[in-house]
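Chains as they are written, first to last, in my numbering: chain Z, 1 to 497; chain A, 1001 to 1301.
Ideal Cβ positions, reconstructed from N, Cα and C, are used throughout, including at glycine.
Structure first, then comments.
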């Protein structure tokens, strides 16, 4: 039995849509400003679309009466707010993941907090979503926090957005009010790369246009929220993209088995194809794609596989295997747009590491050039950035790293910045420009200290040239680089033998 | 953003990716094995992630001595068949003090025999990372948890200070004295777990399948009389009923359900049409409101 065949197993009596098997799982983000009713909307959707079991229904009814904010009505948001502090304060602090299935598709709902101080949690949620519901309160329209959330959705690569104008009951189901907000948002969205924007007037509390068509808004002829979600195609990935597989681990086993384990992030690879290690440029032919249930002839994006090559490329974790023609850039300078996630502001003197795909590269220097203004959504020149800001920056890397542009290959074009001392994830970013090669000469003055084998000979006297020892050399060099950088010494790491 | 394919295949690939990221980044991981269906899937995915190499970490079972006999037999058989490096840890201090699920409240018993035992086992082994089979669909506070869930010294979980986790990038760089719990099954649902078990023809503890078993009904819950340690209240007489378990924990803290689902296909059918959530049979979760979050803050899985 294949994996796809199992999806056909559904309860007796269920009416299958003809396209049941091809209906992809949908990961859906809900965002918007605080008090616009996100948790209530999703609670309502779960309630109406049968994503709630009987004991959960009973618990919510019980709790609604005990401390709900809607008097005697059911408080649907109680289905989502899972932390004690959230229930006490009646707000959402962290993202909540909810799962439900309708007859047509499997949904993952990522409910994000609206409060500005929890924007970093919202960014986490957004990066996992295929599509976003951006909620606005019909009485207040688009707010600053709505714009910030839209900008973050855009940054992390979401292409399809639903503008849900909520609390329509509070403006007497006014078409005029709704159209004004819709027009406002369309204008704002011109700044972004969204491929599709769908607006729907709803009232989460009454359920209008959530799963059932609203009788109060005959002027609206579009889909209900659930209709739209069941039918939307989440695919945004272009068809002909080059093959990439960042190496997670080298697996060794009996009979001289040596394979490169990883998840294919883009494109397709077939046994017999040539692949190259992007950093060294060394090539080999793919001999086997080995998984526990047997070898397979090809692998495509999303597959977790182990590749066996005909020659040993001497590479380890962090390497990116690529097709021969269209390779990643061996970049040592990048420009990127990032969202700052840490409470501690950006500090040009701090030690940061760039975590891309499976690689970890020390940052030699970094500068901020502009911040996104959440009123106009334009850029304003700046040199600092702090929590919840979206910033454009330029990063000089301690060694060349195999990278792509985010707009072309998102999973080899994104990164997080890690604080080298405490390990915190301080920012998430997308690469907009890369430069290979002679960056050191252009960007670094001659005072830069190059950490190479010769300079670290004493510290690394126990290390030879095996792949494991080269990795260990690089690790030690990174730690030394972090120390030196925090002492104000600019450094570059040279791992060449 | 996700790459599209059949949803189980996507979940499988995501879990394998998580296992590999963790094995590459942590010094000394361990897999928490609790013998149930989720652990069965967890273990299977771990083997897939590193195949044909052996599992690069040991497997830990925290044995309260109150697991069903079928569970222990299944554990030992699995460990032998798969050649696992199995560590069994019991809180012997707790045993010596006579802590048991009859005389002590579920919260006291769970804290001493499970949470404290687990913390001790992790500290003793020097493990910096532990894989668990928790799913976000199980319970409200679990729905909030990250895949790499960082713990402050003392294994404390602070839900307000969770690390951002963006895209497929899992940052495993630990701060001083931090450890991490890793949840490769985060995005699986109960139905997914059963579908996958069917698909991959995995063996599970027989208690998941309906059979005539001796039970007593207490406070609306069906409790299995697994051995002579079961204390009957006045007027209670075990009777044979056709029951199975949706979730397995310690007896007598896991309740059975009446069911005719005697094989995998029937269990999958029943799960897909269930009207009651899975953990409603876990008596420890209902002790007080927000019970799971409190246990998690203290280091429970």
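Check: Spatially closest choice to residue 1244 (chain A) from A:1025, A:1014, A:1062 and A:1212, by CA coordinates; Outcome: A:1212
Check: Three-state secondary structure (DSSP) of residue 495 (chain Z); Outcome: coil
Check: Option in A:1117, A:1214 and A:1030 with minimal Cα separation from residue 1227 (chain A); Outcome: A:1214
Check: Simplified DSSP state of residue 996 (chain A), which is helix, strand or coil; Outcome: No information on residue 996 (chain A) is available, as it lies outside the stretch 1001 to 1301 that chain A covers here.
Check: Rounded distance between the beta-carbons of residue 114 (chain Z) and residue 33 (chain Z), thought under 8 angstroms; Outcome: 5 angstroms
Check: Proximity winner among A:1010, A:1007, A:1024 and A:1011, relative to residue 468 (chain Z) (alpha-carbon distances); Outcome: A:1024
Check: Candidates Z:340, Z:349 and Z:163: closest to residue 385 (chain Z) by CA position; Outcome: Z:340
Check: Identity of the residue in A:1011, A:1061 and A:1067 nearest residue 1045 (chain A) by Cα; Outcome: A:1011
Check: Any C-beta of chain Z under 9 angstroms from that of residue 1007 (chain A); Outcome: yes
Check: Top-ranked residue by Cα proximity to residue 1062 (chain A), from A:1015, A:1111 and A:1083; Outcome: A:1111
Check: Straight-line gap, residue 490 (chain Z) to residue 363 (chain Z) (C-alpha atoms, nearest Å); Outcome: 10 angstroms
Check: Helix, strand or coil at residue 507 (chain Z) according to DSSP, with G and I counted as helix; Outcome: No statement about residue 507 (chain Z) is possible, as the shown extent of chain Z runs from 1 to 497 and does not include it.
Check: Against chain Z: residues of the region 1178-1191 of chain A by CB proximity under 9 angstroms; Outcome: 1178, 1186, 1187, 1188, 1189 and 1191
Check: Buried/exposed call for residue 240 (chain Z), threshold 16 Cβ in 10 Å; Outcome: exposed
Check: Partner residues on chain A for residue 249 (chain Z), Cβ-Cβ distance less than 7 angstroms; Outcome: 1020, 1023 and 1024
Check: is_contact[residue 1111 (chain A), chain Z] using C-beta, thresh 9 angstroms; Outcome: no
Check: Selected residue, minimal CA-CA separation from residue 375 (chain Z), among Z:221, Z:187, Z:401 and Z:129; Outcome: Z:187
Check: Burial state of residue 1015 (chain A), where buried means 16 or more other Cβ atoms lie within 10 Å; Outcome: buried
Check: Residue-level contact to chain Z via CB, residue 1238 (chain A), 9 angstroms cutoff; Outcome: no
Check: Distance between residue 412 (chain Z) and residue 443 (chain Z) (C-alpha atoms, nearest Å); Outcome: Annotation note: pLDDT 48 at residue 443 (chain Z) (below 50); position unreliable, no value reported.
Check: CB contact flag (residue 141 (chain Z), residue 95 (chain Z), <9 angstroms); Outcome: no
Check: Closer than 9 angstroms to chain Z by CB, residue 1263 (chain A); Outcome: no
Check: 3 or more residues per run - each beta strand (DSSP E) lying fully within the region 167-226 of chain Z; Outcome: 196-201
Check: Identified DSSP bridge partners for residue 478 (chain Z); Outcome: None, per the DSSP bridge assignment.
Check: Under the three-state DSSP convention, the category residue 1100 (chain A) falls into; Outcome: coil
Check: Contact check, residue 495 (chain Z) vs residue 474 (chain Z), beta carbons under 9 angstroms; Outcome: yes
Check: Where residue 1025 (chain A) falls: helix, strand or coil (DSSP); Outcome: helix
Check: In DSSP terms, what residue 360 (chain Z) is bridged to; Outcome: Z:355
Check: Minimum Cβ-Cβ distance from residue 1175 (chain A) to chain Z less than 9 angstroms; Outcome: yes
Check: Residue 1007 (chain A) classed as buried or exposed, judged by whether at least 16 other C-beta atoms fall within 10 angstroms; Outcome: buried
Check: Local Cβ density within 10 Å of residue 1177 (chain A), reported as buried at 16 or more and exposed below that; Outcome: exposed
Check: Other residues of its chain near residue 170 (chain Z): CB distance less than 7 angstroms, five sequence neighbours each side excluded; Outcome: 138 and 139
Check: Under 7 angstroms by beta carbon: chain Z residues contacting residue 1017 (chain A); Outcome: 263 and 304
Check: Residue 1107 (chain A) - DSSP class collapsed to helix/strand/coil; Outcome: helix
Check: Beta carbon proximity, residue 1221 (chain A) to chain Z, threshold 9 angstroms; Outcome: no
Check: Simplified DSSP state of residue 1019 (chain A), which is helix, strand or coil; Outcome: helix
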